[in-house]
Amino acid sequence: MRTGKELILATKEYAKDDSGRSWWAVLSTTLLVILTAGGTIYNIHWIAQLACSILLGLLMVRLFVIYHDHQHNAILTKSKAAKVFMQIWGVIAITPTSIWTHSHNHHHNHNSKLRSAHIGSYPVMTKNRYLRASKKERAQYLAMRHPLTIAFGYFTIFLVGMCIVPAFTEIKKHKDSAIALILHVVLYALVISLFGVSTAFFALFIPYFVACAMGSYLFYAQHNFPTVVFKENDGWTYEGAALESSSYCKMSPIMHYFTGNIGYHHIHHLNAKIPFYRLPEVYKKMPELQNAKTTTLNPIEVLRCLHLKIWDSDQQRLVPLKEI
284 MRTGKELILA TKEYAKDDSG RSWWAVLSTT LLVILTAGGT IYNIHWIAQL
334 ACSILLGLLM VRLFVIYHDH QHNAILTKSK AAKVFMQIWG VIAITPTSIW
384 THSHNHHHNH NSKLRSAHIG SYPVMTKNRY LRASKKERAQ YLAMRHPLTI
434 AFGYFTIFLV GMCIVPAFTE IKKHKDSAIA LILHVVLYAL VISLFGVSTA
484 FFALFIPYFV ACAMGSYLFY AQHNFPTVVF KENDGWTYEG AALESSSYCK
534 MSPIMHYFTG NIGYHHIHHL NAKIPFYRLP EVYKKMPELQ NAKTTTLNPI
584 EVLRCLHLKI WDSDQQRLVP LKEI
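Using our numbering, the letters of the sequence shown map in sequence onto residues 284 to 607.
Here's what the structure looks like:
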């Protein structure tokens with residue numbers, strides 16, 4: 284079994300973009316987004332509108348993962364048209380390129396490091412640090428990991444974290460965050476003025492809420508699960524962070540489609556330049572990656588992950604608050 288650099292090097296043969304396949308994914312998903320968006324506006328019954336809203340939210344997750352792959356230079360790296368499209372989609376998806384690339388690259392380079400895991404990810408406190416923290420610090424920490432913070436990721440993580448904070452603190456660096464925020468408000472105003480408040484609820488609020496909640500939870504669960512490993516800077520390795528601190532989220536084929544195979548997260552962290560559509564292939568062909576630490580979308584498993592709060596250095600595991 285290959286390990287370390289040998290294992291990482293073995294994944295390089297899969298880090299090759301098929302531009303035809305990538306463009307098909309971009310264009311077919313975009314078409315489905317447009318069609319379902321139309322269904323949220325032009326529909327004869329609210330139940331059909333709601334179905335289109337949820338479907339649109341799931342398709343937005345897929346298109347975001349495709350955008351995410353482009354930001355990793357995994358697909359369509361030489362296409363100017365793709366670059367323009369992805370920048371536009373980043374603004375529409377309230378994950379503008381400047382802030383997303385900065386925070387997400389840091390996350391990949393420092394995944395599961397206790398001293399810097401909070402940048403571009405959910406913060407993780409050790410038991411000792413939590414016990415030394417003030418009441419205010421504890422409250423702030425627990426709020427950032429609270430299930431409601433994740434469920435309402437539309438506001439907490441995307442609108443505030445990706446748009447409002449960057450736009451008001453570092454406007455020169457993150458002009459696209461300000462543009463995304465303004466465009467989002469204009470989009471609501473336009474839909475309300477043309478079609479009414481109820482249509483804006485189905486066409487904008489529900490899809491964004493679903494997409495952001497799904498994205499927020501997946502990002503949480505793939506690095507916060509019962510058998511995850513966190514390390515200080517000493518002893519940390521890129522391979523270890525991928526295989527011990529990033530999960531394989533088992534899903535149905537349809538959910539793998541909607542999530543752009545991001546469930547194969549351990550492989551993505553081992554080599555972020557592997558296109559999303561090749562991740563299942565890598566999983567099948569590389570035995571070393573088939574014994575991954577797993578999570579699922581089963582409600583019991585979801586609750587188990589959400590209860591984890593503090594890293595216990597003595598037990599070397601993430602524990603619920605009741606164990607502190």
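Backbone N, C-alpha and C define an ideal beta-carbon position, used for all residues, glycine too. Remember, it's a predicted structure, so these values are computed and weren't measured experimentally.
Determine the direct distance from the alpha carbon of residue j to that of residue i, and round the result to whole angstroms.
i       : j       : result
Leu-572 : Thr-578 : 15 Å
Ile-330 : Ile-489 : 13 Å
Asn-581 : Tyr-503 : 15 Å
Thr-452 : Lys-567 : 45 Å
Phe-368 : Leu-346 : 11 Å
Tyr-413 : Glu-584 : 25 Å
Gly-322 : Met-497 : 21 Å
Tyr-540 : Arg-415 : 44 Å
Phe-661 : Val-511 : Because the chain here runs from 284 to 607, residue 661 falls outside it and cannot be looked at.
Lys-455 : Ser-535 : 43 Å
Asn-544 : Ile-537 : 10 Å
Ala-575 : Ala-524 : 12 Å
Lys-475 : Gln-332 : The question names Lys, but residue 475 is Ile in the sequence shown. Their backbone Cα atoms lie some 16 Å apart in a straight line.
Ser-611 : His-506 : Here the chain has residues from 284 to 607 only, and residue 611 is not among them.
Trp-372 : Phe-508 : 30 Å
Pro-563 : Lys-295 : 15 Å
Leu-591 : Arg-398 : 18 Å
His-387 : Tyr-297 : 22 Å
Gln-423 : Leu-431 : 13 Å
Lys-419 : His-355 : 37 Å
Taking C-beta to C-beta, are residue i and residue j nearer than 8 Å?
i       : j       : result
Val-324 : Phe-478 : Residue identity differs from the one stated: residue 324 is Ile in this sequence, not Val. Yes.
Met-445 : Ile-382 : yes
Tyr-531 : His-549 : yes
Ile-377 : His-467 : yes
Gly-546 : Lys-556 : no
Asn-516 : Lys-396 : yes
Leu-501 : Thr-542 : yes
Leu-553 : Ile-291 : yes
Glu-522 : Thr-286 : yes
Phe-513 : Val-602 : no
Ser-404 : His-385 : no
Ala-308 : Ile-375 : no
Ser-305 : Ile-358 : yes
Ala-486 : Ala-364 : no
Leu-604 : Ile-593 : yes
Gly-436 : Ser-499 : yes
Per DSSP, residue i is paired with what?
i       : result
Asp-595 : Arg-600
Met-408 : Ile-593
Lys-396 : Lys-514
Of all Cβ atoms in chain B, is any one closer than 8 Å to the Cβ of residue i?
i       : result
Val-443 : This model lacks chain B altogether; it includes just one protein chain.
Exercise. Considering only residues of the region 511-591, which uninterrupted beta strand (DSSP E) runs meet the minimum length of 3 residues and lie entirely inside it, listed in chain order?
Worked result: 531-533 and 577-579
Exercise. Are the region 330-344 and the region 418-430 touching, with three or more C-beta to C-beta distances below 8 Å?
Worked result: no
For this session: Can you check the region 410-474 for any alpha helix (DSSP H) of at least 4 residues that lies completely inside it and give the ranges in chain order?
Result: 410-415, 418-427, 430-434 and 448-452
Problem set entry | Ordered list of beta strand (DSSP E) runs contained in the region 480-507, each at least 3 residues | none
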